Amino acid sequence: MRILSGIQPSGILHIGNYFGMIQRAIALQAEGEAFYFIANYHALTSVRDPETLRANSLLCAIDFLACGFNPDRGALFMQSDVPIVTELAWILSTIAPTGLLERAHSYKDKLARGMPASVGLFSYPVLMAADILIYDSDVVPVGKDQKQHVEITRDLAVKMNEAFGNILKLPEARIQHSTETVPGIDGQKMSKSYGNTIDIFGDEKETRKRVMSIVTDSKPVEAPKDPASSTIFHLYSLFASADEIAEMRARFLKGGTGYGDFKKQLFEKLWEHFAPMRKRRKEILADKLYVDEVLVRGARRANEVADEVMERVRSAVGLR
């Protein structure tokens, strides 16, 4: 089984990225060959400064490795190091119905948030489909908000297969429902766009400050509180054991504990969880050649597979 996933280097990685994608991607390494890429082509729809894009792309790779990616179990690479993915994207775009792309939730959401309606933003799902199909991917771990993109990918693969023969494999989306949406410090979905994130590898003072700034209601210390509507409780549940979650829920319902104490408990659990990864990250940063070597090796493997798929596609459509 080949597992495919990508992450945009549009900013510093946060715990929403971790629980929404990275943690699952790392776990899936045990089930097959992992192909994970830094989506720097996609990031061009929002990042305009080249130095920022280069720096964020490298940091994204470093953080992925620090979180547990094993280069011996798969390939980690820059999307742009497999440039023929754009060739497949163009071929797919020739059969992609405009109406299908107009219905893409992410496109409408980004326009609603003020992003300019560029061709790149509109055709984003086509490039994402190429990312998936060019590696004969079997499984694509995604959040709920990305599920539609995998459905679009399957639609485009079916159209290609109907027109040119059975040339593209149909991938399956895999969604971990317990972490579909990670709330930010303001209660909305955690997103760099909203400025409500908690970084995975932020320094201790800043991370504590972000946790302590989580928005709560005005219930007094002595009052019972609703864990189901609490961002603090939701985030704590991502890090804690079943017994720890039950204990915090009981204290919420009983009353007598203020939100400030619950935030301190959340910070301690969060900081403890990422401690081994912070240690690994320091080791990676101390070896200046390691990340480059991993990315070069990953790109080599990715190109091997992509070349085979593209030869099949070119021949089928008449370019060979």
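Take 25 as the starting number for the sequence shown in the working numbering and just add one per residue.
Don't be surprised by glycine CBs; every beta carbon is placed ideally from N, CA and C.
Computed from a predicted model, the values in this text were never measured in an experiment.
Euclidean distance between Cα positions of residue i and residue j
i	j	result
Gly219	Arg344	48 Å
Leu157	Val143	21 Å
Asp160	Arg302	34 Å
Gly189	Glu111	19 Å
Ala247	Val182	56 Å
Leu277	Met214	26 Å
Leu89	Pro244	43 Å
Val333	Gln32	24 Å
Lys288	Ile238	11 Å
Gly322	Tyr131	30 Å
Lys375	Ala113	Here the chain covers residues 25 to 344 and nothing more, so residue 375 does not appear.
Ala54	Ala326	19 Å
Ala252	Lys168	20 Å
Asn185	Lys306	47 Å
Thr240	Lys249	10 Å
Val164	Ile199	9 Å
Thr281	Met272	10 Å
Ala330	Ala154	10 Å
Ile269	Ser261	6 Å
Ile358	Pro207	Residue numbering for the chain in the displayed model covers 25 to 344; residue 358 lies beyond these limits and cannot be assessed.
Leu135	Gln172	17 Å
Ala197	Ala51	15 Å
Asp316	Tyr283	44 Å
Arg324	Ala299	32 Å
Beta-carbon proximity of residue i to residue j, cut-off 8 Å
i	j	result
Phe263	Leu294	yes
Gly98	Tyr148	no
Leu83	Ile36	yes
Val235	Leu290	yes
Leu151	His66	yes
Ser34	Lys216	yes
Leu259	Met102	no
Met139	Ser70	yes
Ile176	Val337	no
Local conformation of residue i per DSSP, three classes
i	result
Pro207	strand
Arg198	strand
Ser261	helix
Leu10	Because residue 10 is not part of the residues shown, which for the chain are 25 to 344, the question remains open.
Pro127	It is Arg, not Pro, that sits at residue 127 in the sequence shown. Arg127: coil per DSSP, three-state reduction.
Asp223	strand
Val163	strand
Glu271	helix
Glu246	coil
Lys213	strand
Ile158	coil
Ser29	strand
Phe298	coil
Ala58	strand
Cβ-Cβ separation, residue j to residue i (assumed contact under 8 Å), whole Å
i	j	result
Ile308	Ile108	Contact flag wrong, Cβ pair sits at about 29 Å.
Leu180	Ile119	7 Å
Asp162	Met25	5 Å
Ala49	Ala58	7 Å
Which ranges does the beta strand (DSSP E) cover as unbroken runs of at least 3 residues, wholly within the segment 62-116, from first to last along the chain? Listed in chain order, the beta strand (DSSP E) runs fully inside the segment 62-116 are 98-102, counting runs of at least 3 residues.
My parser needs the beta strand (DSSP E) runs of 3 or more residues fully inside the segment 307-333; what are they? Annotation note: the segment 307-333 contains no uninterrupted beta strand (DSSP E) run of length 3 or greater.
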